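Enquirer: I have a structure here, written as structure tokens, and I will follow up with some questions on it.
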Amino acid sequence: MKARALLLGLFALLVAAPAIIGAYPLAVLILILHYAYLGIAWNVMMGFAGLLSLGHALYVGLGAYVAAALYTSFGLPALLGAIPAAVIATLAGLGIGALGFRFRVHGVYFALLTIAFAEFTRILFDHIGWTGGSSGFFMPVEHGQVHLIALRGPPVLFYYVALVMAAAAFLIARMLMRTRLGYAWLAVREDPDSAAASGVDVFRARMAAIAVSSALTSLGGVFYAFYYNNMYPEQIFSMARSIEIILAPIIGGLGTLFGPVLGSFVLTILGEGTTGLLEHFGLAAPGAKQVIYGVALLVIVMVQPAGLWPWLAKRLRIGRDG
Amino acid sequence: MAEALLTVSGISKSFRGLKAVNDVSFSVGEGEILAMIGPNGAGKTTCFNLIAGAMPPDAGAVHLAGQPITGLRADQVCRAGIGRTFQLVKPFAGLSVLDNVTVGALNAARHVGEAKEHARAVLELLDLGRKIDEPASALTLPDRKRLEVARALATGPKLLLLDEVMAGLRPTECDRLVEILAGLNRRDGLTILLIEHVMRAVMKLAQRIIVLHHGEKIAEGTPEAVVRDPAVLDSYLGEEAL
Amino acid sequence: MTVYFDIIASGVLTGLVYGLMALGLSVIFGVVRVVNFAHGELTVAAMYMAWVMAGSFAVDPILTLPLIAAALFVIGYALQRHLVEPFIGRPEHEQFMLLLAVSIIVLNGLLLVFGPDARHVAVDYAYDSIELGPLLLDTVRVYAAAAANVLALGLYLFFRFTDLGTAIRACADNLLGAQVVGLDVRRLYALTFGLGCALVGASGTLMVLMRDATPILAVQLTLLAFIVVIIGGLGSMAGALVGGVLIGVSEALAGFLLMPSLKSLFSYGLLILVLLLRPEGLMGRRA
């Protein structure tokens, strides 16, 4: 199958990459894989279950802070700290989802609800002294330390972790789509009334989507914490970050499996390319990269709202895999 | 003697003070085909919605095979054994025909593979076998109606609720669908309750008819009796309907 | 004790300007049924315009208000006519994505052009106060609130007593009916969007008297406008002003009683409560 061959080829390339490319391209690739991962996680909620969340930074932030705090206070390594981080984020997500469902908050109003919770949490964390408040939270870094379970080590370590995460998210999403739950999600996305009449428990399906999405997203936050070693509420819970998360899947293709990956590649390369070009001419233009993102989003929405991947897949004659 | 599979007792529903359904009672025997006719706005679809759990009745009760299902959610009613179609068809537009019906089939199947097989079989039965991979959005209206029936059928219902499935079909298509439904009733004992305006289908399928008007049941009986009932002729049929 | 009155009064005045900004959002949503996600960005654009004019011509922003409102009207009209209109029938999330794109472009465009530093407009009376009975009020806020009131009143009169205003209200209340009687809905939509943006322009001009212009303010203002509109009631003009005042006062009190950085916490908490319990807001109609 063509699709499988291409995917495996891409994966092989990515596995070999560190041996071929330098430090800066590697860092870019890590960014691409990180946003591909977050995009896939967000897409589960929006693309598959049809719930628009504009406050997904909440789960990134919760994942990051919980895991980071557990590490700095108790020495709990990242891979273990990720578990409570994911649990807390999932509970938050389920809470928001349940509230929305219970009070019949839909569409744009639900999106606003997610924003409100994210912002609320951001301001809250600005005032939690224990995690540094608005001055940020910093992780201890010891040079030369290499420890997989604690996620301490050189960039290459993080590269492979990011690659594994992105690949795993992709496979998990693909597997889920072929289960009973996956069909339920698609049905609920297309037409909740019709889905219910066909025996689908709409509430449960939506809650499941939220749980999976928020759990996965929070693990991305854990990665963020241990890779960047610092976090500020202003940055990690912000609306800007929530928007960053959703750009790749929207541009790549809502509701598709490969869309977020493609979108992440395209956007990150566009962004880094723009910044690089400006630096070449000695210009430091804050905001230029984002303007390009905005234009890209505008073009996609106007010309090809289903996203780049469906268009590309047609060109390459790949089936309806993702 | 057929026992009542569905018993509707005194259901009522008002919308903003307007009584859409007023104290309607009837029952459908197991293996029976009952048609519900009446002018537009008579409350027929609202009755369906009350039975199928799309909205709870203000008063009254609904029993399926002796078990109360009043006020249950739509998906719970489906699991209990009622499959329904919508008057304005609601396909899962972005999904393929097969996936559409698979969603329904999952209601009764143990796993996805089994559901898909069952979905294929149902689609064959409804003459959609060659279109299973097409997106539902690409289907013509008659095919969408058949898809709607297929999806409801795939849920493995004891009772099938059909809401004006014949509307918009050409006479040959209508006859074909009647043939399929009659066959299901005969072979598998599928109980059917249908809302219809197309009298051609009603007269061929229905063993009994009830007539609604202004939210109330005004007549009930065999097709021959009902089409001669003066009240029915007055309100709905007119002498030339047949 | 009197300091509370001062704070509340100050909050009321600020809130009126918030209300004016939210009015723009409400008008657009009430008629065109599009959620203008770029609302804050356009407000900040207006703030920058006022700053530029105040800097270049040494003119009090309040005097430049008509000009900036007119400019925003044109922008809004064009936005609706050329970008938004083809999206009217399309799924809600596509409309949202469109305006999100616009908001990203505007916000970062402003960042590119003006840089991240705060831009301040200094007026002669910036530090003056007016005594109104027992209250001590900032002159700036009094002027801004007064202007906001005048504009809101003007808007009300427009909708109530002019043909155009009635036509727009008809579109909002009964689109099909409006089309049936032959109203040019597309033109009315564009006019309404323009009008909403004009209000945004006016409120931005007033807002720059009270706050410095920075790009990051845009996101906060968009959210603020939504909070006000939802609490006050989508589609209700009085609701937008009432909501604005409510938020203005609660922010002022929270900033004083708790901590300035916590003042938005209360607003978001209120938004959550309203979304859950009474999404039609205090004065809105149930959709």
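Going down the list, the sequences are from chains A, B and C. In terms of the working numbering, the first sequence opens at residue 1 and continues consecutively. In terms of the working numbering, the second sequence opens at residue 1001 and continues consecutively. In terms of the working numbering, the third sequence opens at residue 2001 and continues consecutively. No residue lacks a Cβ here, since even glycine has one placed at the ideal position from N, Cα and C. Being a predicted model, the structure only gives us computed values, none of them experimental.
Quick one: is S2103 of chain C near chain A, going by C-beta distance under 9 Å?
Expert: Here the question's residue 2103 of chain C lines up with position 103 in the third sequence. Yes, S2103 of chain C lies at the interface with chain A (some Cβ there is under 9 Å from its Cβ).
Enquirer: For chain B, find out if any of its Cβ atoms is closer than 9 Å to the Cβ of G322 of chain A; answer yes or no.
Expert: Taking the first residue of the first sequence as position 1, residue 322 of chain A is located at position 322. Residue placement at G322 of chain A cannot be trusted, given a pLDDT of 44 that sits under 50; what the coordinates show is reported in the next sentence. No, because no Cβ of chain B sits closer than 9 Å to the Cβ of G322 of chain A.
Enquirer: Rank A:L262, A:F281, A:F237 and A:Y293 by C-alpha distance to the C-alpha of T121 of chain A and give the top, closest one.
Expert: Within the first sequence, numbered from 1, the residue matching residue 121 of chain A stands at position 121. If we check each option's Cα against that of T121 of chain A, A:F237 comes out closest.
Enquirer: Distance cutoff 9 Å, beta carbons only. Does T1172 of chain B sit that close to anything in chain A?
Expert: For the purposes of this step, residue 1172 of chain B is taken as residue 172 along the second sequence, with counting starting at 1. Not one chain A Cβ lies under 9 Å of T1172 of chain B.
Enquirer: Report the residue ranges of all beta strand (DSSP E) runs contained in full by the region 1134–1216 of chain B; include only those spanning at least 3 residues, in chain order.
Expert: DSSP runs (the beta strand (DSSP E)) wholly in the region 1134–1216 of chain B: 1159–1163, 1191–1195 and 1208–1213.
Enquirer: Counting C-beta neighbours from all protein chains within 10 Å, is the total for M175 of chain A 16 or more, i.e. buried, or is it exposed?
Expert: Counting from 1 along the first sequence, the entry for residue 175 of chain A is found at position 175. M175 of chain A comes out exposed.
Enquirer: Which same chain residues end up closer than 8 Å to F2158 of chain C when comparing Cβ atoms and leaving out the 5 residues on each side of it in sequence?
Expert: On the third sequence, residue 2158 of chain C is found 158 positions in, with the first residue counted as 1. Result list for F2158 of chain C: L2164 and G2165, in chain order.
Enquirer: Would you grab the beta carbon distance between L6 of chain A and H2093 of chain C for me? Rounded to a whole angstrom, and I think it's under 8 Å.
Expert: Start at 1 with the first residue of the first sequence, and residue 6 of chain A comes out as number 6. Start at 1 with the first residue of the third sequence, and residue 2093 of chain C comes out as number 93. In fact, because the Cβ distance is near 29 Å, the residues do not count as touching under 8 Å.
Enquirer: Please report how far the alpha carbon of A98 of chain A lies from the alpha carbon of A3 of chain A, in whole angstroms.
Expert: In the first sequence, residue 98 of chain A corresponds to position 98, counting from 1. In the first sequence, residue 3 of chain A corresponds to position 3, counting from 1. Answer to the nearest angstrom: the Cα atoms are 37 Å apart.
Enquirer: Using beta carbons (cut-off 9 Å, strictly below), is G255 of chain A in contact with chain E?
Expert: Here the protein chains are A, B and C, and chain E is not one of them.
Enquirer: Would a C-beta distance cut-off of 9 Å place I2073 of chain C and G2201 of chain C closer than the cut-off?
Expert: As a first step, residue 2073 of chain C is located in the third sequence; it is residue number 73 there, counting from the start. As a first step, residue 2201 of chain C is located in the third sequence; it is residue number 201 there, counting from the start. Inspection of the sequence shows that residue 2073 of chain C is occupied by Phe rather than by Ile. Cβ atoms of F2073 of chain C and G2201 of chain C: closer than 9 Å.
Enquirer: Roughly how many angstroms lie between the CA atoms of F11 of chain A and R241 of chain A, to the nearest whole one?
Expert: The residue given as residue 11 of chain A occupies position 11 in the first sequence. The residue given as residue 241 of chain A occupies position 241 in the first sequence. C-alpha separation (whole angstroms): 27 Å.
Enquirer: Can you give me the C-alpha to C-alpha distance between L62 of chain A and V2123 of chain C, rounded to a whole angstrom?
Expert: Residue 62 of chain A sits at position 62 when you count from the first residue of the first sequence. Residue 2123 of chain C sits at position 123 when you count from the first residue of the third sequence. The alpha-carbon atoms of L62 of chain A and V2123 of chain C are separated by roughly 44 Å.
Enquirer: Which value, in whole angstroms, describes the spacing of the CA atoms of M1001 of chain B and A1231 of chain B?
Expert: As a first step, residue 1001 of chain B is located in the second sequence; it is residue number 1 there, counting from the start. As a first step, residue 1231 of chain B is located in the second sequence; it is residue number 231 there, counting from the start. Because M1001 of chain B carries a pLDDT of 40, less than 50, the predicted location of this residue cannot be relied on, and the following value inherits that uncertainty. Rounded to the nearest angstrom, the two C-alpha atoms are 30 Å apart.
Enquirer: Excluding sequence positions up to five away, which residues of its chain have a Cβ less than 6 Å from the Cβ of S2056 of chain C?
Expert: Numbered from its first residue, the third sequence carries residue 2056 of chain C at position 56. Nothing meets the Cβ criterion.
Enquirer: Would you mind telling me which residues of chain B sit closer than 8 Å to R178 of chain A, beta carbon to beta carbon, in chain order?
Expert: Counting from one through the first sequence, the residue named residue 178 of chain A turns up at place 178. Correct list: V1112.
Enquirer: What residues in the region 113–128 of chain A have a beta carbon less than 8 Å from any beta carbon of chain C?
Expert: Answer in chain order: L113, I115, A116, F117, E119, F120, I123, L124, D126 and H127.
Enquirer: Below 8 Å CB to CB, which residues in the same chain sit around F1092 of chain B once its five sequence neighbours on both sides are set aside?
Expert: Along the second sequence, read from residue 1 onward, the residue named residue 1092 of chain B stands at position 92. If we look at F1092 of chain B and ignore the five residues flanking it on each side, its Cβ neighbours are D1099, N1100, V1103 and A1136.
Enquirer: What is the rounded straight-line gap between the Cα of L2258 of chain C and the Cα of G22 of chain A?
Expert: Within the third sequence, residue 2258 of chain C is the residue found at index 258, counting from 1. Within the first sequence, residue 22 of chain A is the residue found at index 22, counting from 1. About 50 Å.
Enquirer: According to DSSP, is N2174 of chain C part of a helix, a strand, or is it coil?
Expert: Within the third sequence, the letter at position 174 stands for residue 2174 of chain C. Here N2174 of chain C sits in coil by DSSP.
Enquirer: Quick one: give me the first and last residue of the beta strand (DSSP E) that K1019 of chain B is part of.
Expert: Position 19 of the second sequence, counted from the first residue, corresponds to residue 1019 of chain B. It spans L1018 to G1029 - the beta strand (DSSP E) in which K1019 of chain B sits, taken as one unbroken run.
Enquirer: So what does DSSP say about P2086 of chain C, is it helix, strand or coil?
Expert: As a working mapping, residue 2086 of chain C is identified with position 86 in the third sequence. Looking at P2086 of chain C - three-state DSSP - the assignment turns out to be helix.
Enquirer: What's the C-alpha gap between G966 of chain B and L157 of chain A?
Expert: Summary: the structure shown does not reach residue 966 of chain B, with chain B confined to residues 1001 through 1242, and so no result is reported for it.
Enquirer: Tell me, which residues are paired with I1037 of chain B by DSSP?
Expert: Residue numbering aside, residue 1037 of chain B sits at position 37 when the second sequence is read from its first letter. Answer is B:V1211, bridged to I1037 of chain B.
Enquirer: What three-state label does DSSP hand D1099 of chain B in the structure shown?
Expert: Residue mapping note: residue 1099 of chain B aligns to position 99 of the second sequence, counting from 1. Residue state, collapsed to three classes: helix.
Enquirer: For G1083 of chain B, list the residues DSSP reports as bridge partners.
Expert: On the second sequence, position 83 is the one that residue 1083 of chain B refers to. According to DSSP, G1083 of chain B bridges with B:L1160.
Enquirer: Given the structure, does I21 of chain A come close to the ligand GDP, in the sense that its CB is under 8 Å from one of the ligand's heavy atoms?
Expert: Judged by which ligands are present, the structure shown has none, so any question about the ligand GDP falls away.
Enquirer: Counting only Cβ pairs nearer than 9 Å, list the residues of chain B close to V156 of chain A.
Expert: Residue numbering aside, residue 156 of chain A sits at position 156 when the first sequence is read from its first letter. Those do not exist, as V156 of chain A stays about 40 Å from chain B at its closest Cβ, beyond 9 Å.
Enquirer: Below 8 Å on C-beta distance, what does Y59 of chain A contact in chain C?
Expert: Here residue 59 of chain A refers to the residue found at position 59 when the first sequence is read from its first residue. Correct list: empty, because the minimum Cβ distance to chain C is about 17 Å.
Enquirer: Given V2121 of chain C, which residues of its chain have a CB within under 7 Å of its CB, disregarding the five upstream and five downstream residues?
Expert: Translated into positions along the third sequence, residue 2121 of chain C becomes position 121. Closer than 7 Å at Cβ, skipping near neighbours: A2050, W2051, A2054, P2061, V2208 and L2209.
Enquirer: I want to verify the contact list: residues of chain C whose CB lies under 8 Å from the CB of M239 of chain A, in sequence order.
Expert: By one-based count along the first sequence, residue 239 of chain A stands at place 239. Result: V2219 and L2223.
Enquirer: Considering just the uninterrupted stretch of the alpha helix (DSSP H) at H2093 of chain C, what are its terminal residues?
Expert: Start at 1 with the first residue of the third sequence, and residue 2093 of chain C comes out as number 93. Segment E2092 to F2114, the alpha helix (DSSP H) holding H2093 of chain C.
Enquirer: Touch check for the region 268–278 of chain A and the region 2088–2104 of chain C: three-plus C-beta pairs under 8 Å?
Expert: Not touching, per the Cβ criterion.
Enquirer: Put R4 of chain A into one of helix, strand or coil per three-state DSSP.
Expert: If you number the first sequence from 1, residue 4 of chain A lands on position 4. DSSP places R4 of chain A in helix when its eight states are reduced to three.
Enquirer: For L1106 of chain B and chain A, any beta-carbon pair shorter than 9 Å?
Expert: For the purposes of this step, residue 1106 of chain B is identified with residue 106 of the second sequence, where counting begins at 1. Closer than 9 Å: yes.
Enquirer: Buried or exposed for R104 of chain A, please, with buried defined as at least 16 other CB atoms from any protein chain shown within 10 angstroms of its CB.
Expert: Counting from 1 along the first sequence, the entry for residue 104 of chain A is found at position 104. Exposed, because fewer than 16 other Cβ atoms sit within 10 Å of the Cβ of R104 of chain A.
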